[in-house]
Structures are given as C-alpha cells and as structure tokens.
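Structure first, commentary second.
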Amino acid sequence: MQKHNFSAGPCVLPKEVIQKASEALLDFDNGLSLIEISHRSKSFVDVMEQARSLALELLGLEGKGYKALFLQGGASMQFLMVAQNLLEKKAAYLNTGTWADKAIKEAKIYADIIEVASSKDANYNYIPKGFDIPEDLDYFHCTSNNTIFGTQMKSFPKSPIPLVCDMSSDIFSRTLDFSQFDLIYAGAQKNMGPAGTTLIIVKEDILGKVSRKIPSMLDYKVHIDKSSMFNTPPVFAVYTSMLTMQWLKDLGGIKAIEQENDKKARLMYSEIDLNPLFKGFAAKEDRSDMNATFTLVNEDLKETFDTMWKEAGINGLSGHRSVGGYRASMYNALSLDSVKVLVEVMNELESKA
Ligand SMILES: *Cc1c(COP(=O)(O)O)cnc(C)c1O
Numbered sequence: 526m527q528k529h530n531f532s533a534g535p536c537v538l539p540k541e542v543i544q545k546a547s548e549a550l551l552d553f554d555n556g557l558s559l560i561e562i563s564h565r566s567k568s569f570v571d572v573m574e575q576a577r578s579l580a581l582e583l584l585g586l587e588g589k590g591y592k593a594l595f596l597q598g599g600a601s602m603q604f605l606m607v608a609q610n611l612l613e614k615k616a617a618y619l620n621t622g623t624w625a626d627k628a629i630k631e632a633k634i635y636a637d638i639i640e641v642a643s644s645k646d647a648n649y650n651y652i653p654k655g656f657d658i659p660e661d662l663d664y665f666h667c668t669s670n671n672t673i674f675g676t677q678m679k680s681f682p683k684s685p686i687p688l689v690c691d692m693s694s695d696i697f698s699r700t701l702d703f704s705q706f707d708l709i710y711a712g713a714q715k716n717m718g719p720a721g722t723t724l725i726i727v728k729e730d731i732l733g734k735v736s737r738k739i740p741s742m743l744d745y746k747v748h749i750d751k752s753s754m755f756n757t758p759p760v761f762a763v764y765t766s767m768l769t770m771q772w773l774k775d776l777g778g779i780k781a782i783e784q785e786n787d788k789k790a791r792l793m794y795s796e797i798d799l800n801p802l803f804k805g806f807a808a809k810e811d812r813s814d815m816n817a818t819f820t821l822v823n824e825d826l827k828e829t830f831d832t833m834w835k836e837a838g839i840n841g842l843s844g845h846r847s848v849g850g851y852r853a854s855m856y857n858a859l860s861l862d863s864v865k866v867l868v869e870v871m872n873e874l875e876s877k878a
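Numbering of the sequence shown is given in our numbering, commencing with residue 526 and proceeding in unit increments.
Encoded structure:
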C-alpha cells in the first residue's frame, strides 16, 4: 500500500534519493560501500565539496562571503555553538516556540540575553511583530519555522546586528533573500536528509570577534579551515543530503519547489477552514507552509478519524504533545497527492458525522 508520510522529522525523502543512497551502501566506489571507505578518499571528499557548494548555490549565496559546513550534534548543538562563537556581551532572541526557547536557554550559559518578544503566553500560536532590535548587541536570533506549533515567519526584521536563523524545518522550501542572514543553521532531518548532520551557512566576516577560547570542535573557523573535515564527518548523512539537494536542483531549485509547497499548503488550509469538524491552531497570517497544526472540534471523533487516516496509508499525523490534535508536515518531498488523500479522509469524516 502506498504510504503518505506526514511525519514532522525525521520525515519523507524523495524515493529516488533513498534508492540511490541505498545503492551507495552496497557499492559506492569499486565494490566498496560508502560507509566503509575513508572519508579522506577522493570519492568522499568530492561528495563533501559538492554538498557544500550545492547548499550555497540553491540559496543563491555563492561568491558572497559565505561558507557551508556539515557538522554533527543536530540543530541543538547550534544553540550553543552560535553563542560560543558570536556572543560576547549580550544578544537578542525572538521566542516563538520550544526550539527558540531551548536556544535561549543555551545562550544564557554564555552571557546576557534579551527576549525582544515572545508568544509563549498564547502557547506560541502566533509570531510576535513590531518589536525593536537594539543596535548595540552581538546578534539577533530567530526561528524561521516553528515545527511544533505550525507558525512561520513570513518576513524578517531589518536587523542592525548580525541576523542568525534556525531554519531547520523550512530550509530550501521557499525563496527568500538569504543574503539578509549572517548565519543559518538547519538539522538535516526535516527537509534535507537523514538525521546525523546539520547544515551551517555562515558569513565569514562575523567570526573571530569574541574573546573567549573556543574548543576546536565548537569553532566554526576550525571547521571552515578544514573544509568541514576537521574530524570524520557523518558520511551517509552528508551523502544523502547531497542527493536531496541535487534532486531539488534538477527539479528547478527552490523556486520550483516553492510553487508545489504553496499548492499543498493552500489545499490543506482550505480544508481546515471549510470543514466544520476541524479548527486550525496557528494564527492565520502566520501559518506555516511546512507544518499545518489543527484539532478536532469534537474530540469524540478522534478514534474514528485516527482509524480512517491510518487505513488510508497516512503516517505521522499526530500532533506534538504541547499542541495536541494533528500536525500535517508537508516538507519538500511530500507530494500534492498525499495532501489530497488526507483532505479526502477529512471530507469523508465530515460526511459520516
Ligand atoms: C527539530 C528542530 C530542532 C532540533 O533539531 P535536532 O537536530 O534534533 O537537534 C531545532 N530547531 C527546529 C526549528 C527544529 O524543527
């Protein structure tokens, strides 16, 4: 039976990417597996270089002073690595959800943090707007897409200080002027590849300004100097991410996938709005194109609905415990047809009820 994978992460990847990645596990280089050759071999060094240049190319950041790294430790490691490398006295953070909150907690270990705004009081169902970013701070940190709550920043404030963004769950999903950011990071497992690596895009000229000693493994400069090969990289995760970026480039890049993502989100949200059995969680103007969060108006229908979507081959629709209800994650590799299947099930529930 065909599966429709709405999982929030790890999540759906293109079928052909999984096919190619599994072939490389068996035979990548003259009968040797990708995971048993040296990471210093020419064939793997080429993979790393291609992954790094594809990331910059897709974002339109080639030749603009940025470097791409594929490191380990997940996006969660970036919560502290950003502070370790950039935070001297004080930084500004926008608190839009669980992940932003965790980033703040880690940064506080290093120095002072100002929360410029927070939507915590409303269980993070909207994106705060109209806040000021002080000029005399080290950087401003925000989260472009709040995976758990289903909100997404549709625009970014003009920042007088370096702009740092956690794009874990919407990287490569929509066109933006990426040169407005000084540092972008994204765990691979939401829209790029398997868990195990994190993409970091950093503008080199923001580095080297803090006075503290930085351990080598946490130092962006060390990783840049060693071409993202300071230590053994997670070869399978990097290779699979490279294949996904290649897949996206062949499709026509971010512009092309954005149109598909737009169609999926519009179909999903129109059903949530029109079907009287459901209600959306996030404020309408801040709704995420990646993660649609919604609940049943009448919880008595839960068992029936859950049985119906599972029977339709849908996977991973249950909401995060801090929101409840449902979350339809519609990352790049999820097809419009999968969204149609979910919408049909929601319609069917309406006709039954
Ligand atoms: C999943 C997620 C994280 C955490 O990623 P890990 O790789 O598990 O550390 C951080 N930020 C956002 C926005 C996420 O969606």
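Glycine included, C-beta positions come from ideal geometry on N, C-alpha and C.
Histidine 748 sits in a helix when the DSSP states are folded into three classes.
Judged by the Cβ position, alanine 790 fails to qualify as a neighbour of ligand 1 at the 7 Å threshold, every heavy atom of the ligand being at least this far.
Excluding its 5 nearest sequence neighbours in each direction, glycine 849 has C-beta neighbours in its own chain below 7 Å: Thr820, listed in chain order. Of the other Cβ atoms in all chains shown, fewer than 16 fall within 10 Å of the Cβ of glutamine 784; this residue is therefore exposed. Per DSSP, the unbroken beta strand (DSSP E) holding glycine 712 starts and ends at 708 to 712.
Between lysine 746 and glycine 733, the C-beta gap is smaller than 8 Å, which places the two residues in contact. Taking the Cβ atoms as the reference, serine 532 lies roughly 3 Å from glycine 841, within the contact range of under 8 Å.
Here the alpha carbon of phenylalanine 595 sits roughly 29 Å from the alpha carbon of alanine 790.
Taken in chain order, the unbroken stretches of alpha helix (DSSP H) that lie wholly in the region 537 to 570 and span 4 residues or more are 540 to 551. Assignment of phenylalanine 830 by DSSP, reduced to helix, strand and coil, places it in the helix class. In the three-state scheme derived from DSSP, where H, G and I count as helix and E and B as strand, lysine 715 is classed as helix. Distance from the CA atom of leucine 792 to the CA atom of isoleucine 709, rounded to whole angstroms, is 29 Å. Taking 7 Å as the cut-off, one finds at least one heavy atom of ligand 1 near enough to the beta carbon of aspartate 691. For alanine 853, DSSP records a beta bridge to Ala817.
Taken through DSSP and simplified to helix, strand or coil, asparagine 610 comes out as helix. Boundaries of the alpha helix (DSSP H) harbouring glycine 778: 778 to 799, taken from the DSSP string.
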